[in-house]
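Written below as structure tokens is the structure these notes are about.
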Amino acid sequence: MEEHRVIERVLVALETAAQKLDDGAAVRPGFFLEAAEFIRGFADGRHHHKEEGVLFTVMAGCGVPVKGGPIGVMLDDHEQARIYTRAMSDAAGRLETGDESASTAVVRSARDYCALLREHITKEDRILFPMADNVIPADQQPKLERQFEQAEQEHASQDPTDYLELAGRLEQEAAG
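Counting along the sequence shown from 1, when you hit position 3 you're at 55 in my numbering, and nothing is skipped either side.
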């Protein structure tokens, strides 16, 4: 849940920048490319990777169905988030090369991503994580934490503090 709070900071910055761009203000296309980098590396690469590779597997082993249940919904959300991120990144790349018409696609995909992730985080915080606490036996919790740590070490190509710094830079730029 702590990671959700970091992701939400970037969502605010992304929404602010998208609004500015939609209002006709100059917004550096690289802002959206860097936001996509944060999303791919931290939100998806660290956070969703741990959920998909560890938490959902453990929950399924404790009897929570993958298809037709909350895990399936979360997996669908993760895939849709990847689609929105690719669309935003592609459009921001076109905008960076001078294609002003791409700004509409940047704004739309940024907003779509933010709306999806806000709803997704709410579902995880209020439904999925409490469910996990109820179905995963207390004696398995320490093992789960070790698996999270291992997943972070295996998958993370960048120090998490780099992502925290990137989140701070995005916040500052959007607010400025």
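Built from N, CA and C at the ideal position, the CB exists for glycine as well.
When the Cα atoms are used, G76 and Y215 turn out to be separated by approximately 29 angstroms. In this structure, G82 lies near E148, with their beta-carbon atoms less than 8 angstroms apart. The three-state reading of DSSP puts T149 in coil, since its state is none of H, G, I, E or B. With a contact defined as Cβ atoms closer than 8 angstroms, S155 and L85 miss out at about 14 angstroms.
Excluding the 5 residues flanking it on each side, V118 has same chain C-beta neighbours closer than 8 angstroms at F108, A112, G124, L127, in chain order. Under the 8 angstroms Cβ criterion, the stretch 156-176 counts as touching the stretch 63-77, having at least three qualifying pairs. Taking C-alpha positions only, E55 is separated from A203 by approximately 15 angstroms.
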